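Shown next, in structure tokens, is the structure this report addresses.
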Amino acid sequence: MTFFANTHFRIGLTLCLVVVLMAALSLVWTPYDGTVMRPADRLQGPSLRHPMGTDQYGRDLFSRIMGGSVTSILAGLVTVSIGMGLGVALGLAAAYHRGVPGEALMRLADLLFAFPAVLTAILITTIWGPSLTNAMLAIGIFYIPVFARLTRATAAAIWERDFIIAARAAGMGEVRIVIDHILPNILSPLLVQATIQFAVAILAEAGLSYLGLGTQPPAASWGRMLGEAQTFMAMAPWMAVCPGLAIAWTVLGLNLLGDGLRDTLDPRMAAERHT
Amino acid sequence: MPLLIFRKTLSLATLLLLVSLIVFGVLYVLPGDPAQLILGLNASDETLANLRSQLGLDQPYWSQYLNWLGNHLRGRSGESITYGVPVSRLIGNALLVTGPLALLAMLVAVLMAIPLGIFAARHRHRPGDTLVMGATQLGLAIPEFWLGLLLMLLFAVQLGWLPAGGFPGWQVNAWGSIKAILLPAFALGVIRAAILTRLTRSAMLEVLGEDYVRTARAKGLRPRTVIYLHALKNALIPVLTVMGLQLGQLLAGAVIIENVYHLPGLGRLIFQAIGQRDLPVVRDGVLFMAAAVVCVNYLVDMAYVVIDPRMRLER
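Residue numbers (our numbering), protein chains in the order written: chain R, 22 to 296; chain P, 1113 to 1427.
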């Protein structure tokens, strides 16, 4: 279980730590106030004073990238909490009540996968009003079936095992069995899935904010910064580079972290993958 | 085999019916009165009520749903509130953009992924493999609309080789239309190639360890024959599945890249219709997309049965 022996894990953790530290730092300090407009400084290229340049309102892009990291982490945390909280509960219930109720629950989950996720999220954010909260809810809803499916599949296999039968024979209650035996045994795949969905959420939030439906100004969001950059692309190409790099950096870190976790937590899968 | 096809087709029909029920139900509770939207804020209550009954909006939910479903089954779609033309024509026109875009993107993805995946599998754990796998990690991390922006920056803004957006239309300017979807298709394709490359590699590695590949090698066939004739054919099955799923998703999910390049495709049509509260377009558009995903999945299932005889025995 030595995570640090895994190269993917080490690189992924390093990339993620940089983002987390940047987000934490931005809460107490940024080089400039990322929301204050300074028209005299607008559309400046990268320089010593503004390492990533400034935008059309003269705001320091580096400060806004730092602020955007908070938005992205928030988006990941909230969406995964929604999806995992409800999805795991539903999945556990479906794994316990096999037969019609469980089957019906899973078919419903299958059905949700047929709907175009991005467009449904657009629909939800338009109806409820564009905001970061509504964007996170819209993304989180689509995570429920993802976690429900995974939980049911893994939990159903655990229910069949001998030690569960032993626990039942010893007079353990169903709820106790779920908490003491089922949950700890399905934690690894859930953790790996959570890492992946965290990354997907950052991409999705960026996409919605690019369309103007996620984070609202003056709050900083990497996706929204890219949307604004497109308007000024001919004059200020640097605006289109750094927010995208920040997204790619974070998502790469999370994906590698997820790979490393999976390889370490489930050596069997790692062996299969490397043969 | 006929029984299997019958069962799958039956479940397809059920799924489509459920999808239509959900689409209609969710949009039924959408705030905003279509009659008010058509007539404007100054309309009198009487004219509003007239139009509502004309549109069938005053009828109960189930009769509205059955009407809508019945009209669709007879091939009649509603009219767009914004444009005043049949929704089916709008969707058809949009498909003329999104369809070629999705197909071109998949072509880009396959042309990159299959050779790269085979290469990585043949050079497993050597620098070439590491390089390809590293590149796929990047491909998975880059947001496709950012790649679209970067391509636009380079090929449209800096070099001026290709348009930065817009779509002239196939009849007006066929070559210009191809040029208009080239960059977005490339952006979509590269991202999908990352997944397909990883899949091709792992499928090839699995197949290369099989007995029949060893037999083929042992009887002295050239390595190239073994790889392309024996191994690839079997490795392609999982790759084909994911390709099918990706194509279905591309028809439905190209909305952001269509907005980046201002392409009048299906995603952008519905995106704009949502903003304009154009209920018939949103409803039929979302239904069409969901149905497309369900049907593509069905076709992939069927292709499985055709390609792999083992699938016919199971279940």
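Just so you know, even glycine gets a beta-carbon here, dropped at the ideal spot from N, CA and C.
Just so you know, these numbers come straight off a predicted model, no measurement behind them.
Problem set entry | Neighbourhood of D1241/P by C-beta distance below 6 Å, restricted to the same chain and skipping five residues each side | Here the question's residue 1241/P lines up with position 129 in the second sequence. Result list for D1241/P: A1232, H1235, in chain order.
Problem set entry | Contact set between the segment 1237-1263 of chain P and chain R, restricted to residues whose Cβ is under 9 Å from the partner | H1237, Q1249, L1250, L1252, A1253, I1254, P1255, E1256, F1257, W1258, L1259, L1261, L1262
Exercise. For A1305/P and chain C, any beta-carbon pair shorter than 8 Å?
Worked result: You won't find chain C in this structure, because its protein chains are R and P.
Exercise. Comparing the C-beta of G1090/P with each C-beta of chain R, is any distance below 8 Å?
Worked result: Outside the shown range of chain P, which is 1113 to 1427, sits residue 1090/P, and nothing can be said about it.
For this session: Please report how far the alpha carbon of I223/R lies from the alpha carbon of R1336/P, in whole angstroms.
Result: Position 202 of the first sequence, counted from the first residue, corresponds to residue 223/R. Position 224 of the second sequence, counted from the first residue, corresponds to residue 1336/P. Going from the Cα of I223/R to the Cα of R1336/P covers about 42 Å.
Exercise. DSSP state of D1323/P, grouped into three classes?
Worked result: Taking the second sequence and counting its residues from 1, one reaches residue 1323/P at position 211. Here D1323/P sits in helix by DSSP.
For this session: Starting from F184/R, trace the alpha helix (DSSP H) both ways and give me its first and last residue.
Result: By one-based count along the first sequence, residue 184/R stands at place 163. First-last of the alpha helix (DSSP H) with F184/R: 183-190.
For this session: Under 7 Å Cβ to Cβ from L1294/P, same chain only, skipping five residues before and after it: list those, please.
Result: Counted from its first residue, the second sequence places residue 1294/P at position 182. Cβ within range, chain order: L1274.
For this session: Can you tell me which of the three DSSP states T322/R falls into?
Result: Any answer about residue 322/R is impossible in this case: the structure gives chain R only from 22 up to 296.
Problem set entry | Distance, G1229/P Cα to P1350/P Cα | As a position in the second sequence, residue 1350/P is number 238, starting the count at 1. As a position in the second sequence, residue 1229/P is number 117, starting the count at 1. Roughly 13 Å between the two C-alpha positions.
Problem set entry | Cβ separation of A1225/P and T1353/P, assumed to be a contact under 8 Å, to the nearest whole Å | Numbered from 1 along the second sequence, position 113 holds the residue referred to as residue 1225/P. Numbered from 1 along the second sequence, position 241 holds the residue referred to as residue 1353/P. No, A1225/P and T1353/P are not in contact; Cβ-Cβ is about 14 Å, not under 8 Å.
For this session: Would you tell me roughly how many angstroms separate the C-alpha atoms of L1259/P and A135/R, rounded to the nearest one?
Result: For the purposes of this step, residue 1259/P is taken as residue 147 along the second sequence, with counting starting at 1. For the purposes of this step, residue 135/R is taken as residue 114 along the first sequence, with counting starting at 1. Straight-line Cα distance between these residues: approximately 26 Å.
Exercise. For M1245/P versus M1355/P, is the C-beta distance shorter than 8 Å?
Worked result: As a first step, residue 1245/P must be located in the second sequence, where it is residue number 133. As a first step, residue 1355/P must be located in the second sequence, where it is residue number 243. For M1245/P and M1355/P, no; Cβs fall outside 8 Å.
Exercise. Between the segment 1367-1395 of chain P and chain R, which residues of the former have a C-beta closer than 8 Å to a C-beta of the latter?
Worked result: V1367, I1368, N1371, V1372, G1379, I1382, F1383, I1386, G1387, V1394
Exercise. Tell me which same chain residues have a C-beta within less than 7 Å of the C-beta of F253/R, skipping the five on either side of it?
Worked result: Working through the first sequence from its first residue, we reach residue 253/R at position 232. Contacts found: L64, Q77, M260.
Exercise. So, using beta-carbon positions, are A1305/P and A1253/P closer together than 8 Å?
Worked result: In the second sequence, residue 1305/P corresponds to position 193, counting from 1. In the second sequence, residue 1253/P corresponds to position 141, counting from 1. No, these two residues do not count as a Cβ contact at 8 Å.
For this session: Determine which residues share a DSSP beta bridge with T75/R and list them.
Result: Residue mapping note: residue 75/R aligns to position 54 of the first sequence, counting from 1. DSSP, once it has assigned bridges, lists D81/R as partnering T75/R.
Exercise. With DSSP run on the structure shown, which of helix, strand or coil describes P1212/P?
Worked result: Numbered from its first residue, the second sequence carries residue 1212/P at position 100. Three-state result, P1212/P: helix.
Exercise. Of all the CB atoms in chain R, is at least one closer than 8 Å to the CB of M1401/P?
Worked result: Within the second sequence, the letter at position 289 stands for residue 1401/P. Chain R contact via Cβ: present.
Exercise. For the putative contact between A88/R and T51/R, defined by C-beta atoms under 8 Å, what is the C-beta separation to the nearest angstrom?
Worked result: Translated into positions along the first sequence, residue 88/R becomes position 67. Translated into positions along the first sequence, residue 51/R becomes position 30. Residue identity differs from the one stated: residue 88/R is Gly in this sequence, not Ala. The Cβ separation is near 7 Å, so the contact holds.
Problem set entry | Alpha-carbon spacing of I207/R relative to A115/R, whole angstroms | As a first step, residue 207/R must be located in the first sequence, where it is residue number 186. As a first step, residue 115/R must be located in the first sequence, where it is residue number 94. If I take the Cα positions, the gap works out to 15 Å.
Exercise. Counting along the chain, where does the alpha helix (DSSP H) carrying P60/R start and finish?
Worked result: Here residue 60/R refers to the residue found at position 39 of the first sequence. Run containing P60/R: none; DSSP gives neither H nor E here.
Exercise. Taking I103/R as the reference, which of V121/R, A61/R, G161/R, I148/R has the closest Cα?
Worked result: As a working note, residue 103/R is residue 82 in the first sequence. When only C-alpha atoms are compared, the closest one is G161/R.
For this session: Determine whether the Cβ of Q251/R lies closer than 8 Å to any Cβ atom of chain P.
Result: Counting from one through the first sequence, the residue named residue 251/R turns up at place 230. Chain P contact via Cβ: present.
Exercise. Expressed to the nearest angstrom, what Euclidean distance is found between the alpha-carbon atoms of G79/R and M256/R?
Worked result: Residue numbering aside, residue 79/R sits at position 58 when the first sequence is read from its first letter. Residue numbering aside, residue 256/R sits at position 235 when the first sequence is read from its first letter. Approximately 14 Å, taken between the alpha carbons.
Exercise. Between which two residues does the alpha helix (DSSP H) carrying S1156/P extend?
Worked result: Your numbering for residue 1156/P matches position 44 in the second sequence. It is not in any alpha helix (DSSP H) - S1156/P carries neither H nor E in the DSSP assignment.
Exercise. Does DSSP put P1296/P in a helix, in a strand, or in coil?
Worked result: Position 184 of the second sequence, counting from 1, holds the residue named residue 1296/P. If DSSP states are grouped into helix, strand and coil, P1296/P belongs with the helices.
Problem set entry | CA-to-CA distance, L153/R to A96/R, given in whole angstroms | Locating residue 96/R in the first sequence gives position 75, counting from the first residue. Locating residue 153/R in the first sequence gives position 132, counting from the first residue. Near 8 Å, if we compare the C-alpha coordinates of L153/R and A96/R.
Problem set entry | Rounded straight-line distance, which links the Cα of K1331/P to that of V1269/P | Numbered from its first residue, the second sequence carries residue 1269/P at position 157. Numbered from its first residue, the second sequence carries residue 1331/P at position 219. In a straight line, the C-alpha of V1269/P is about 57 Å away from that of K1331/P.
For this session: Using only the heavy atoms of the ligand ZN, determine whether one of them is closer than 7 Å to the beta carbon of R197/R.
Result: For the ligand ZN, the structure offers nothing, since it holds no ligand at all.
Exercise. CA-CA distance, A156/R and V199/R?
Worked result: Within the first sequence, numbered from 1, the residue matching residue 156/R stands at position 135. Within the first sequence, numbered from 1, the residue matching residue 199/R stands at position 178. Rounded to the nearest angstrom, the two C-alpha atoms are 33 Å apart.
For this session: Kindly list, in the order they appear in chain P, the residues whose Cβ is closer than 7 Å to that of F136/R.
Result: The sequence position of residue 136/R within the first sequence is 115, counting from 1. The answer, in chain order, is A1402.
For this session: Taking only the alpha-carbon atoms, compute the straight-line gap between L82/R and G66/R and give it to the nearest angstrom.
Result: Walking along the first sequence from the start, residue 82/R turns up at place 61. Walking along the first sequence from the start, residue 66/R turns up at place 45. The alpha-carbon atoms of L82/R and G66/R are separated by roughly 10 Å.
Exercise. Can you find a CB in chain R that lies within less than 8 Å of the CB of L1213/P?
Worked result: Against the second sequence, residue 1213/P aligns to sequence position 101. No, L1213/P does not count as interfacial toward chain R.
Exercise. Comparing the C-beta of P151/R with each C-beta of chain P, is any distance below 8 Å?
Worked result: Mapped onto the first sequence, residue 151/R falls at position 130. Not closer than 8 Å to any Cβ of chain P, the Cβ of P151/R fails to qualify, so no.
Problem set entry | Whole-Å CB distance - I145/R paired with A130/R, under 8 Å assumed | Position 124 of the first sequence holds residue 145/R. Position 109 of the first sequence holds residue 130/R. About 18 Å; that fails the 8 Å criterion.
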